[in-house]
Structures are given as C-alpha cells and as structure tokens.
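Trainee: Attaching a single structure in structure tokens format; questions to follow.
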Ligand SMILES: Cc1ncc(COP(=O)(O)O)c(C=O)c1O
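In the numbering used here, the protein residues as written are 1 to 470.
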C-alpha cells in the first residue's frame, strides 16, 4: 500500500476512544496494579511481520496488549515519583501537534509552533517571575534542560576568559571549576558528564540536614578557587522538597563573578504560588534555571524548559545554521536556537494549552493543594505508632520510615504497592531507606490522601505482625 486510503484517518478516532475510556476508568479505579515487564514482553514478542496490517487492528492490538502493563501514573493516588497528570487538555494539544506533523525546528517549517512557543515562553517567565529577557528552550525534560543551561554557562564563562568553546572545544580550555550542592539530583550529573565537566571532577558543597546548600560552605569553597566558578543549586530536593537559600547564595556567586544555575525540575514552580514562593526567595537572581512541564504544569511527557538569562549565551551554545535552513527574521523566534535538537515535536502547544487550562490562579491553587496534601499525609502517617516523618514536609515531598530498620520500611512499601490502592516508592536518604510520597497531580484530593493513609496503615500493621497490630 503506497498511498493513504480515504479512511486512513479514522484510526485517530479509535485511539481517542481508547484513550478516553482508559482515562475515565483509571480516574475512579479502586486498585491499579500493573502487569510485569515479562508478561507484556511475552504478549508483544514475535517475528517482524512480513506484511502491514489494518490501522484499526494495530491500534486495537496495541491498546489491548499494553493496557494491563500501563502504570497508572495519571491515577489520583499515584505518589511514586513527581509525575504530574498528563492532563487531558495537554494530551489533546499534543495530539494535534502530532497530527499536524509539525517539525518545530524553525519558523519556516512550523510558523504556528514557533509563534506559540514564543508566547508560552513569555507566559512561563511571567508565571515563574524570572527575568523577562531570559530565553527558553523547549526540551524533553529537566535532564536536558540542565544540559542546555550548563552548555550556555560553559560558553559564557569561557568566553569571558577569551576561549571560544563552541569553536575550540574543551581540550586545552582554561580550567572552569564547577561547584554543586551535595544533594543534587542524579540527572544533573548526567548533564555534567555530557557537557564535559565530568561527574566526579565537580566540587561538592556541604548541605544541611534537609539538603540545602550551606552559604558559608559555598563561600569557603569559592574562596579556595582562583577563577570564577559555575555553581549548581537546587529548588526542590527529590527526597525532602527543600530548596537552597538562594537569597544568600546568589549574591555570593555574583560577587565571585560566577554563574549560578538552578535545577528546579519541580521546585521552581514554587515561584508561581504566593504561599510557596518564600521557599525559593532570591531564585530570580540566578543565571539559568531548568524545570519541567511534565511535572507540576501537568503537561504530557515530554516537556521541559531550559531558561537562560543571557539569551546570547543560550543561542551561542545551541543555534544551528545551514544554507537550507532559512533563519527567522529579527522579530521571529527559531525554536532550534535554544535546544539541542533540530527536528522535534512542537512542545510549545501543550505548554500553552496547560497554562490556559489553569490560568495563573489555577496553577497557584493546584501547587498549594499538592503541598497541603503532602503535609497532611506526612503528618498523619508520621503519627502512626513506630512511624517517623524523616524530614519536615517542604513543598510536595514526604519521607517516612517504618520501625527502625530498612527491611520494615521496604516491606511496607512493597505491601502498599501490592495492595494497589496507591503507589508509593522507596528512596535512600542519608544512608537509610525511606518511603517517599510525591504529590504532584492535579487529580489528587484529600479523600485520596485518606484512602492512601488507610492502605499504608493496614500494610504497616501486617509488617509489624499480629502482636503489634493489637
Ligand atoms: C530535582 C530533579 N532534577 C532533575 C530531574 C530530571 O528531570 P526529567 O526526568 O524530567 O529529565 C528530576 C526528575 O525527577 C528532579 O526531580
């Protein structure tokens, strides 16, 4: 079959029907267990088909075989990771982006995608209250946002020392020290590896008991250097939710002539709530920020934002030029000037749609609601006999320990996962396993918190044994 038959497009309706049915069911499901990798692999496995199939049959097979193994991360009691909700409005916008088949590389290939991305970028700067002159790259997620921001930092910090890293690379470049809070997220190290700073070569800065960089330790680390550094801070530690004291550390970095980058995959969103923004006070003084749409803005995956105060440095690090790619005019914006890819999905449509979905006030209310639920769950669970709330709940993260050994905590987590009412996961904090509860979905309510608390309490009773449960 070499041409599209007249009814080729009806498969889009099939997919929409399946998606709507799935989301309706999952939103009210009592239990949401998922089939194993092995079971799903076996269901799909087989030789490469010799011939094509009918579109409806393909989509029907895909949905029927995959759905048993779809983790219910859009369900209201999913607390395993900071995963947001893939809100239906964002999904619908994303479907259109895919159906329109736009390559959001540049203005010529995708005029609407480029323009909407420009509007979404200025809305994001407004909502997050960051310097309005900053530029934003629409990337896959915070990992790549960190990478893009660090590439811009590398470009500018070496340019100031007379080195053109884009032309000459890092071999033979002047040394460029990188300081990083000791409780940074694992993916920042991925970015460090790729931009050539090395995951081990960076200098850790001591943090406090909830993972915040200690300003005096930063000052001391900078004093030991003889050139200005790149400093990597964090808004929203993945276990405790804590953010660095930016109002103290930003002036230290600035006085040293350094570049402050902030990994704010979810924590940067505190800026969008009057109640929460005290936790990120001073963050706007940084030079670059990485955050996600697919966490607290509730967009579908993949959606991240690489935000750089110095748009020239951002473009220098990222822009692609070739004779066959007509550049944007002065009042237009080529999306590929700010990201590592040329060809890509038009991510701005979903970001724009989700900001319209909630509006400024709705975003603030949703952030506040997630944090209130996390605080409630942390407090209620921490009050159960033998259970400890390991750190005060900051933002949307609660970490708990059951009894005084790792085994009991891990057993409770496994029991809760098997119970299927809610999904929680394990994490290591200060060398000990904890149950981590991340509240990041606009679908979660206090009633979901209560159902989850009841499930955790039941499972803890079982793990403690019949005597303890009396
Ligand atoms: C603090 C922090 N930084 C970075 C990341 C990486 O983000 P992504 O998975 O969207 O690339 C995460 C993801 O969980 C995170 O929580």
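For every residue, glycine included, the Cβ atom is placed at its ideal position computed from N, Cα and C.
List in chain order: all unbroken beta strand (DSSP E) runs of 3+ residues lying wholly within the segment 100–143.
Mentor: 135–139, all fully within the segment 100–143.
Trainee: Taking the alpha carbon of residue 314 as the reference point, which residue from 339, 114, 204 has its own alpha carbon closest?
Mentor: On the chain shown, residue 314 is found 314 positions in, with the first residue counted as 1. Of the listed residues, the one whose Cα sits closest to residue 314 is 339.
Trainee: Within 6 Å: the Cβ of residue 270 and any heavy atom of ligand 1?
Mentor: The residue you call residue 270 lines up with position 270 of the chain shown. No - ligand 1 has no heavy atom lying nearer than 6 Å to the Cβ of residue 270.
Trainee: State the Cα-Cα distance for the pair residue 159 and residue 171, rounded to the nearest angstrom.
Mentor: Within the chain shown, numbered from 1, the residue matching residue 159 stands at position 159. Within the chain shown, numbered from 1, the residue matching residue 171 stands at position 171. Cα-Cα distance, rounded: 15 Å.
Trainee: To the nearest angstrom, how far is the alpha carbon of residue 86 from that of residue 226?
Mentor: Here residue 86 refers to the residue found at position 86 of the chain shown. Here residue 226 refers to the residue found at position 226 of the chain shown. Rounded to the nearest angstrom, the two C-alpha atoms are 46 Å apart.
Trainee: Hey, how far is the Cα of residue 470 from the Cα of residue 144?
Mentor: Looking up residue 470 in the chain shown gives position 470. Looking up residue 144 in the chain shown gives position 144. Residue confidence is low: residue 470 scores 47 on pLDDT, short of 50, so the model does not pin down where it sits. Its coordinate-derived value is still stated next. When rounded, the distance between both Cα atoms is 51 Å.
Trainee: Does the beta-carbon distance from residue 252 to residue 219 come in below 7 Å?
Mentor: On the chain shown, residue 252 is found 252 positions in, with the first residue counted as 1. On the chain shown, residue 219 is found 219 positions in, with the first residue counted as 1. Going by C-beta atoms, residue 252 is nearer than 7 Å to residue 219.
Trainee: Considering only the alpha carbon of each residue, which of 70, 161, 193, 16 lies closest to residue 35?
Mentor: Counting from 1 along the chain shown, the entry for residue 35 is found at position 35. It is 70 whose Cα lies nearest to the Cα of residue 35.
Trainee: In three-state DSSP terms, what is residue 237?
Mentor: Along the chain shown, one-based indexing puts residue 237 at 237. Note: residue 237 maps to coil in three-state DSSP.
Trainee: Does the beta carbon of residue 238 fall short of 6 Å from some heavy atom of ligand 1?
Mentor: As a working mapping, residue 238 is identified with position 238 in the chain shown. Yes, the Cβ of residue 238 comes within 6 Å of a heavy atom of ligand 1.
Trainee: Could you tell me the alpha carbon to alpha carbon distance between residue 304 and residue 43, rounded to whole angstroms?
Mentor: Along the chain shown, read from residue 1 onward, the residue named residue 304 stands at position 304. Along the chain shown, read from residue 1 onward, the residue named residue 43 stands at position 43. If I take the Cα positions, the gap works out to 33 Å.
Trainee: Between residue 272 and the rest of its own chain, which residues show a CB-CB distance below 7 Å, the 5 nearest in sequence each way excluded?
Mentor: Counted from its first residue, the chain shown places residue 272 at position 272. The answer, listed in chain order, is 127, 128, 363, 364, 367.
Trainee: Rounded to whole angstroms, what's the CA-CA distance from residue 348 to residue 142? Just pull it up for me.
Mentor: Residue mapping note: residue 348 aligns to position 348 of the chain shown, counting from 1. Residue mapping note: residue 142 aligns to position 142 of the chain shown, counting from 1. Residue 348 and residue 142: Cα-Cα distance of roughly 15 Å.
Trainee: Would you identify the three-state DSSP class for residue 251, choosing helix, strand or coil?
Mentor: Stepping through the chain shown from its first residue, residue 251 is reached at position 251. Helix at residue 251.
Trainee: Look at the Cβ atom of residue 233, then the Cβ atom of residue 262, and state whether they are nearer than 7 Å.
Mentor: Here the question's residue 233 lines up with position 233 in the chain shown. Here the question's residue 262 lines up with position 262 in the chain shown. For residue 233 and residue 262, yes; Cβs fall inside 7 Å.
Trainee: Helix, strand or coil: which one does DSSP assign to residue 32?
Mentor: Here residue 32 corresponds to residue number 32 of the chain shown, with the count starting at 1. Reduced to three states, the DSSP call for residue 32 is coil.
Trainee: For residue 442, which residues in the same chain have their Cβ closer than 6 Å to its Cβ, ignoring the five residues on either side in sequence?
Mentor: For the purposes of this step, residue 442 is identified with residue 442 of the chain shown, where counting begins at 1. Hits under 6 Å: 85, 298, 366.
Trainee: Could you have a look at residue 83 and say whether DSSP puts it in helix, strand or coil?
Mentor: For this step, residue 83 is matched to residue 83 along the chain shown. Correct three-state label for residue 83: coil.
Trainee: How should residue 133 be labelled, buried or exposed, when 16 other C-beta atoms within 10 angstroms of its C-beta is the threshold for buried?
Mentor: Locating residue 133 in the chain shown gives position 133, counting from the first residue. The residue is exposed, with fewer than 16 neighbouring Cβ atoms inside 10 Å.
Trainee: What is the C-beta distance between residue 113 and residue 120, in whole angstroms, given that I count them as a contact (C-beta under 8 Å)?
Mentor: Indexing the chain shown from 1 puts residue 113 at position 113. Indexing the chain shown from 1 puts residue 120 at position 120. Rounded, the Cβ-Cβ distance is 10 Å, inconsistent with contact.
Trainee: Could you check where the alpha helix (DSSP H) with residue 373 kicks off and where it finishes?
Mentor: Translated into the one-based positions of the chain shown, residue 373 becomes position 373. Run containing residue 373: 348–382, per the alpha helix (DSSP H) assignment.
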